[in-house]
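*Asks:*
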Amino acid sequence: MGMEKITVRQLVENAEEYADHPVTVSGWIRNNRDQKEFGFIALSDGSHFNTLQVVYEKEHLTNYSQVARLGVGSAVTVSGRLALTPQARQPFEIKAAEVILEGDSPEDYPIQPKRHSREFLREVAHLRPRTNLFTALFRVRSLLAFAVHQFFQEKGFVCLHAPIITANDAEGAGEIFRVTTLDPKNPPLTEDGNIDYSEDFFGKKTNLTVSGQLEAEAFALAFKDVYTFGPTFRAENSNTPRHAAEFWMIEPEIAFADLQDNMDLAEEMIKYLITYLLDKAEVEMAFFNQFVDKGLLERLQGIVSAEFVRITYTEAVEALQKSKEKFEYPVGWGKDLQTEHERCLTEKIFHKPVFVTDYPGEIKAFYMRVNDDQKTVAAMDLLVPGVGEIIGGSQREERREVLVRRMADFNIHPEDLKWYLDLRKYGGVKHAGFGLGFERAIMYLSGVNNIRDVIPFPRTVNSCEF
RNA sequence: UCCUCAGUAGCUCAACGGCAGAGCGACCGGCUGUUAACCGGUAGGUUGCAGGUUCGAAUCCUGCCUGGGGAGCCA
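Shown next, in the form of structure tokens:
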């Protein structure tokens, strides 16, 4: 018969070409409605957000009664003629000549053709990619990962794979996961009774990375413009919709560049990612706009054409004090901005993304460059409505003696980061970079407000299923 | 880790001290164009776990477990 094996995506993009032609499509049943003499299957083959309507008729199928009883989730291969149906809700459908059962799905299949709560779907994370929301979300995640690489590669950045296991424990970026092969019941001990890590696999204490930044700095001082994009691990006991123990981070690092260049890059990147998704994920974004966040498309389109706000920490504190907003925690120079303050800035005062720069040195990391006022450092956070902080970055302290002094303030021993200080000793130049939480970007761009829903199999405190 | 809300049928929820219920889903039947189809019927329960109060507990009390939201930490 000469059936051509084909995907739903090919049909969506080129239906006319296949009109009245015999085609074969394999996929999973999303919904099956039978009547006396005919029935309809909504078939998803994963190639496109849309399902394909299969029409099957008693007089054309030898196994009609079997097909009519096929449950949601079953895998089938359908062969038949493609019919254009411009007057119907779907633009085309398959008139089935043959429906072959590839994999049955019994009646206790948990995903039903009805609304499910996100909490329930998290418990069946192995099946949830078969639902509309997660089909859309994980395709967007895939597209966004590609867009990140494309953005940097087009600009000539070099991608480096920073190590996932590291002995850098002096960064203060959060609680770490220890990596060890020692027997937890019977570890080797030193003479004074402590665990003897010189006996461990690497001969020293090691942990999973909390950031690829330090390694990226080394590469930036060779390639000038670099980025890392990889997994990151934090053992924080954080119970919020914005925190995970394992997440992915994008960390560009640029040499011969200052904080302004850094913000320019971050803003350009966010706009690029939005533009990319609006173009390449039109159906998915329209779905989010309709069922997740009604104002999503309008807001994202607005952001592409708007300039991000750039204010200093000092100006932010003044703006908050002037706002007459009632805060649970008082606003004051020297105190870190609370979540409620950040929300006020981005959701009530400016209604768009806001860079806050030049924070007091005491509340920021040791590697951030000290400003001329000696009180603030060249830090920048990007705050967005709904999600909060999605980017944290800074110009790095390139002056060796200033960096050593800062490290002393933070109780970091120079010998622990000798190689990092070397970068200032040999051809050190001003440089800057930032970290973008990949999942937070997905949340912001989809409107889905829980990080556990934008990670295929999320790892959070007390939860490591699948 | 702290504060707070909630765990009842496969799912979403009602019953709030006195017989365990509905919608959806599943199953069976009907229906000649459905599309979260529609119509009729059937099955489905250790009310998160452990203890306590009471003649009587899904309901009140205590502890624990799990999940949601808020805070802190941050991306």
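1502 is the number that the numbering used here gives to position 284 of the first sequence; each next residue is one higher, with no gaps.
Here a beta-carbon is modelled for each residue, glycine too, at the ideal position from N, C-alpha and C.
Quick one, which of LEU1261, GLY1289, ASN1350 and ARG1348 has its alpha-carbon nearest PHE1310's?
*Replies:* The residue labelled residue 1310 in the question sits at position 92 within the first sequence. The shortest C-alpha separation from PHE1310 is found at LEU1261.
*Asks:* Measure the alpha-carbon distance for LEU1495 versus VAL1358 and round it to whole angstroms.
*Replies:* By 1-based counting over the first sequence, the position of residue 1495 is 277. By 1-based counting over the first sequence, the position of residue 1358 is 140. One C-alpha to the other measures close to 7 Å.
*Asks:* Rounded to whole angstroms, what is the Cα-Cα separation between ALA1315 and LEU1351?
*Replies:* One-based indexing of the first sequence puts residue 1315 at position 97. One-based indexing of the first sequence puts residue 1351 at position 133. Whole-angstrom Cα-Cα distance: 31 Å.
*Asks:* Are the Cβ atoms of TYR1662 and VAL1574 separated by less than 9 Å?
*Replies:* Indexing the first sequence from 1 puts residue 1662 at position 444. Indexing the first sequence from 1 puts residue 1574 at position 356. No, the pair does not count as a contact, with Cβ atoms beyond the cut-off.
*Asks:* For PRO1347, does the three-state DSSP call read helix, strand or coil?
*Replies:* The count along the first sequence starts at 1 and reaches residue 1347 at position 129. In this structure, PRO1347 counts as helix in the three-state DSSP scheme.
*Asks:* Return helix, strand or coil for ASP1599, following the three-state DSSP convention.
*Replies:* Taking the first sequence and counting its residues from 1, one reaches residue 1599 at position 381. ASP1599 carries a strand assignment under DSSP once its states are collapsed to helix, strand and coil.
*Asks:* Please report the distance separating the alpha-carbon of GLU1580 from that of GLN1519.
*Replies:* Against the first sequence, residue 1580 aligns to sequence position 362. Against the first sequence, residue 1519 aligns to sequence position 301. Whole-angstrom Cα-Cα distance: 37 Å.
*Asks:* Alpha carbon to alpha carbon, what distance is there between LEU1319 and SER1292?
*Replies:* Residue 1292 sits at position 74 when you count from the first residue of the first sequence. Residue 1319 sits at position 101 when you count from the first residue of the first sequence. Cα-Cα distance, rounded: 8 Å.
*Asks:* If I follow the unbroken beta strand (DSSP E) through ARG1307, where does it start and stop?
*Replies:* Along the first sequence, read from residue 1 onward, the residue named residue 1307 stands at position 89. Where ARG1307 is concerned, there is no enclosing beta strand (DSSP E), given that its DSSP letter is neither H nor E.
*Asks:* Tell me whether GLU1231 sits in a helix, a strand or coil according to DSSP, three-state version.
*Replies:* For this step, residue 1231 is matched to residue 13 along the first sequence. DSSP, reduced to helix, strand and coil, places GLU1231 within a helical segment of the structure shown.
*Asks:* Out of GLU1222, ILE1329, ARG1251 and ARG1227, which one is the CA nearest neighbour of ASP1238?
*Replies:* By 1-based counting over the first sequence, the position of residue 1238 is 20. Answer by Cα proximity: GLU1222.
*Asks:* With DSSP collapsed to three states, give me the class of CYS1682.
*Replies:* The residue given as residue 1682 occupies position 464 in the first sequence. Of the three classes helix, strand and coil, the one that applies to CYS1682 here is coil, per DSSP.
*Asks:* Where does LEU1432 land, buried or exposed, given buried means 16+ other C-beta within 10 angstroms?
*Replies:* By 1-based counting over the first sequence, the position of residue 1432 is 214. It counts as buried.
*Asks:* Give the list of continuous alpha helix (DSSP H) stretches no shorter than 4 residues that lie fully inside the stretch 1539 to 1580.
*Replies:* 1557 to 1561
*Asks:* Assuming ARG1340 is part of the alpha helix (DSSP H), what are its boundary residues?
*Replies:* Counting from 1 along the first sequence, the entry for residue 1340 is found at position 122. Counting along the chain, the unbroken alpha helix (DSSP H) around ARG1340 starts and ends at 1336 to 1341.
*Asks:* So for HIS1631, helix, strand or coil by DSSP?
*Replies:* One-based indexing of the first sequence puts residue 1631 at position 413. Here HIS1631 sits in coil by DSSP.
*Asks:* Pick out whichever of SER1335, GLN1284, LEU1491 and HIS1559 has its Cα sitting closest to the Cα of ASP1252.
*Replies:* Within the first sequence, residue 1252 is the residue found at index 34, counting from 1. If we check each option's Cα against that of ASP1252, GLN1284 comes out closest.
*Asks:* Nearest by alpha-carbon distance to GLY1653: which of HIS1569, SER1612, LYS1422 and GLN1305 is it?
*Replies:* Translated into positions along the first sequence, residue 1653 becomes position 435. For the residues HIS1569, SER1612, LYS1422 and GLN1305, the minimum Cα distance to GLY1653 belongs to SER1612.
*Asks:* Taking GLU1393 as part of the alpha helix (DSSP H), name the residues at either end of that continuous run.
*Replies:* Within the first sequence, residue 1393 is the residue found at index 175, counting from 1. Run containing GLU1393: none; DSSP gives neither H nor E here.
*Asks:* Would you call HIS1649 buried or exposed, if buried means 16 or more other Cβ atoms sit within 10 Å of its Cβ?
*Replies:* Along the first sequence, read from residue 1 onward, the residue named residue 1649 stands at position 431. HIS1649 is buried by the Cβ-count criterion.
*Asks:* Kindly identify the DSSP beta-bridge partner or partners of ASP1443.
*Replies:* Looking up residue 1443 in the first sequence gives position 225. In DSSP, ASP1443 forms a bridge with ILE1472.
*Asks:* What alpha helix (DSSP H) runs, 4 residues minimum, are completely inside the stretch 1232 to 1256?
*Replies:* 1233 to 1236
*Asks:* Taking only three categories from DSSP, how would you classify GLY1520?
*Replies:* In the first sequence, the residue the question calls residue 1520 occupies position 302. It is helical.
*Asks:* Nearest to PRO1470 by alpha carbon, out of CYS1377, HIS1559 and VAL1605?
*Replies:* Stepping through the first sequence from its first residue, residue 1470 is reached at position 252. Comparing Cα-Cα distances from PRO1470 to each of CYS1377, HIS1559 and VAL1605, the minimum goes to CYS1377.
*Asks:* Report the rounded CA-to-CA distance for PHE1338 versus GLU1560, giving the unit in angstroms.
*Replies:* Within the first sequence, the letter at position 120 stands for residue 1338. Within the first sequence, the letter at position 342 stands for residue 1560. In a straight line, the C-alpha of PHE1338 is about 31 Å away from that of GLU1560.
*Asks:* Between which two residues does the beta strand (DSSP E) carrying PHE1652 extend?
*Replies:* As a first step, residue 1652 must be located in the first sequence, where it is residue number 434. First-last of the beta strand (DSSP E) with PHE1652: 1649 to 1655.
*Asks:* With a threshold of 16 other CB atoms inside 10 Å of the CB of ALA1463, please say whether the residue is buried or exposed.
*Replies:* Walking along the first sequence from the start, residue 1463 turns up at place 245. Classification of ALA1463: buried, given that the 10 Å Cβ count is 16 or more.
*Asks:* Can you tell me which of the three DSSP states GLN1271 falls into?
*Replies:* On the first sequence, position 53 is the one that residue 1271 refers to. In the structure shown, GLN1271 sits in a strand (DSSP, three-state: E or B).
*Asks:* Please report the residue range of the beta strand (DSSP E) in which VAL1294 lies.
*Replies:* One-based indexing of the first sequence puts residue 1294 at position 76. Taken as a continuous stretch (DSSP letters only), the beta strand (DSSP E) holding VAL1294 covers 1293 to 1302.
*Asks:* Cα-Cα, which of LYS1442, HIS1334 and GLY1245 is closest to GLY1321?
*Replies:* The residue you call residue 1321 lines up with position 103 of the first sequence. Closest by alpha carbon: GLY1245.
*Asks:* Pick out whichever of THR1398, LEU1439, ARG1517 and GLY1651 has its Cα sitting closest to the Cα of THR1564.
*Replies:* Here residue 1564 refers to the residue found at position 346 when the first sequence is read from its first residue. The option with the nearest alpha carbon to THR1564 is ARG1517.
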